[in-house]
Amino acid sequence: MKKWALIVDIARCTNCQNCVLATQDEHVGNEHPGYSAPMPDEGAPWITVEKRTRGNGSMVDVAYVPKTCNQCDNAPCVRAAGDGAIYQRRDGIVIIDPVKSRGRRDLVDSCPYGAINWNEQAGVPQKWSFDAHLLDAGWSAPRCVQACPTGAMQSELMAEGDLKRLQDELRLETLEPIGPAVPRLLYRNMRRATHWFLGGTIVRVSQHGGVENIPGAGVELLLDGEHAASCLSGPFGDFKFDDLRPQPVRWEVRVRHTEYGEALREGMLNASLYLGELPLS
Ligand code: SF4
Ligand code: SF4
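Structural data, given as structure tokens:
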């Protein structure tokens, strides 16, 4: 049996909001009997894009993380509903029944990811339905996927074994697992949002007081006294150690250049950090 999954590549998301708007276009004011009541034109959208900024000074990057219902296996919302007001289909899509769920405001709190909204007008809990009404009518992908101009958002209908292989091959990750829920929304390059970096710029101060960026200097990173990584500074003297585990750790950066000398810096890493200029002497 094949099941749906949504795959989002963080490296490709530009926060254009097309996925958000396409979903609103599909659902605001439109009833899809058996799938969803109309989405209200005010209130939280069913897809949101979270902005995460890393770094400081002249080394800052931003990652955008689209979020929506994860279509979890072992979904807590399904268990909380108890009576079929929320259920998972054989193809993996989790549906909130717009009739059976009427008046069930309690179900909003049953999602540990905060994906369920309360529709005051219709008196029902709601979330993104994976546009199951369109897929059942023969569409190959939900509106958000079709509207994504960069290919950051992809929907896949695949056997569980194939999805597991893809997950390993592309290093796909889910949001932090909460309880028994197993999200079917998978992220590629998630570490750009969740992990830390440590960077800096290697320079030398000339006899006349001018500052010159130095490419090709050997830079070594030690974490808790152990060698962690090494690189050469780039054409503008910059270096960046990325993909560091987001846990406080003691760091040391050792720089060596055969012609211009050495530099040493150390400290505690508590977030992504740009060290600024490291002068060789
Ligand atoms: S993300 Fe929340 S609403 Fe969606 S299936 Fe999982 S528990 Fe249910
Ligand atoms: S449409 Fe694609 S690129 Fe635009 S915000 Fe959504 S996922 Fe990101």
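Here the sequence shown is numbered in the working numbering, starting from 2 and rising by one per residue. Virtual Cβ for every residue (Gly too), placed ideally from N, Cα, C.
Under the 10 Å beta carbon count, residue 169 is surrounded by fewer than 16 other beta carbons and is classified as exposed. When DSSP reads this structure, residue 49 sits in a beta bridge with 68.
Setting aside the 5 residues that flank it on each side, residue 253 is surrounded in the same chain by 223, 267, each with a C-beta closer than 6 angstroms to its C-beta; the list follows chain order.
Of the heavy atoms belonging to ligand 2, at least one sits nearer than 7 angstroms to the Cβ of residue 18.
For residue 142, the shortest C-beta to heavy atom distance toward ligand 2 is 7 angstroms or greater.
For the pair of segments examined, the region 180 to 195 was found to touch the region 72 to 82: the number of CB pairs separated by less than 8 angstroms reaches three. Taking C-beta separations shorter than 7 angstroms and ignoring five residues to either side along the sequence, the partners of residue 27 in its chain run 132, 144, following chain order. Residues of the same chain with a CB within less than 6 angstroms of the CB of residue 158, apart from the 5 flanking positions on each side, are 3, 5 in chain order. Within the region 235 to 280, not a single complete alpha helix (DSSP H) segment reaches 4 residues in length.
Straight through space, the alpha carbons of residue 98 and residue 85 are spaced by roughly 8 angstroms.
Secondary structure at residue 102: coil, using DSSP grouped into helix, strand and coil. When DSSP assignments are scanned along the region 144 to 182, the uninterrupted stretches of beta strand (DSSP E) that are 3 or more residues long and fall wholly within it turn out to be 154 to 160. Going by DSSP, residue 126 is part of the beta strand (DSSP E) stretching over 125 to 127.
For residue 65, the shortest separation between its Cβ and any heavy atom of ligand 2 lies below 7 angstroms. In the three-state DSSP reduction, residue 111 falls in the helix class (H, G or I). Per DSSP, residue 228 lies in no alpha helix (DSSP H); the unbroken beta strand (DSSP E) holding it starts and ends at 227 to 233.
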